[in-house]
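Participant: In the numbering used here, the protein residues as written are 46 to 272. There's a structure below that I have some questions on.
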């Protein structure tokens, strides 16, 4: 079974620590013949600077997912493994097999980790290069097993699509990485940050003690007076 003719384009919106990787997949023709025999997938590599939140993905309609990589959302980039994470999406297709052409919107919420601090002589911003998502069809076919295309081989288990024929979806744009720019701290400011954090924690502790004493006095007025 030949895969439908399609193309995809991706972009990032907006810039910052929380952003969305948006992909538009345009299916141009030959859809009706393949609708019952092909499934649509999207693989997104996540550099160490970027992570996806399981709970956010689970609430999104239009796809199911498999996520491999660091699941500690609070760690900065210098505290996680250097290997990229892998997000594999199984994209839901229209139920109307009579459609001759259509466009699917796949929006993936992503987050940037806190970057490593830089010296005063360096720019206080860091640009993260995110690879373009790889879209592909998995279609039933005679024979097998079928090897995965090279862009998928290092990131997806061969058993995942062992009996299916894989056809990559070409990019409609240049294929350049998707860039996200985030602010980073400065090494010269670390001492002030540590001092400020300590002061805030002490003030919060003092406030909690104060509130606890007031609450105890209100709930047990006689006991506090006799003491």
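Quick reminder that beta carbons are idealized off the backbone N, C-alpha and C, glycines included. These figures come from a predicted structure and were not determined experimentally.
Counting along the chain, where does the beta strand (DSSP E) carrying residue 55 start and finish?
Facilitator: Residues 50-58.
Participant: Considering only DSSP beta bridges, list what residue 96 is partnered with.
Facilitator: DSSP lists 156 as partners of residue 96.
Participant: Three Cβ pairs or more, each shorter than 8 Å: is that satisfied between the segment 173-190 and the segment 244-259?
Facilitator: no
Participant: Report buried or exposed for residue 245, applying the criterion of at least 16 other Cβ atoms within 10 angstroms of its Cβ.
Facilitator: exposed
Participant: Keeping to the same chain, check which residues put their C-beta closer than 7 Å to that of residue 147; ignore five residues upstream and five downstream.
Facilitator: 72, 139
Participant: Do you know whose CA, among 263, 231, 150, lies nearest residue 106's CA?
Facilitator: Looking only at 263, 231, 150, the smallest Cα-Cα distance to residue 106 is reached by 150.
Participant: Using 8 Å for Cβ pairs, my map puts residue 94 next to residue 160. What's the rounded Cβ distance?
Facilitator: Sure, about 7 Å apart at Cβ, within 8 Å.
Participant: Which residues in the same chain as residue 226 place their Cβ atom closer than 8 Å to its Cβ, once the five residues preceding and following it in sequence are excluded?
Facilitator: Once the five neighbours on either side are set aside, the close Cβ partners of residue 226 are 60, 170, 171, 172, 173.
Participant: May I ask you to report which of helix, strand or coil DSSP gives residue 170?
Facilitator: strand
Participant: What residue range does the beta strand (DSSP E) around residue 164 cover?
Facilitator: Secondary structure note for residue 164: it is in no beta strand (DSSP E), with a DSSP letter that is neither H nor E.
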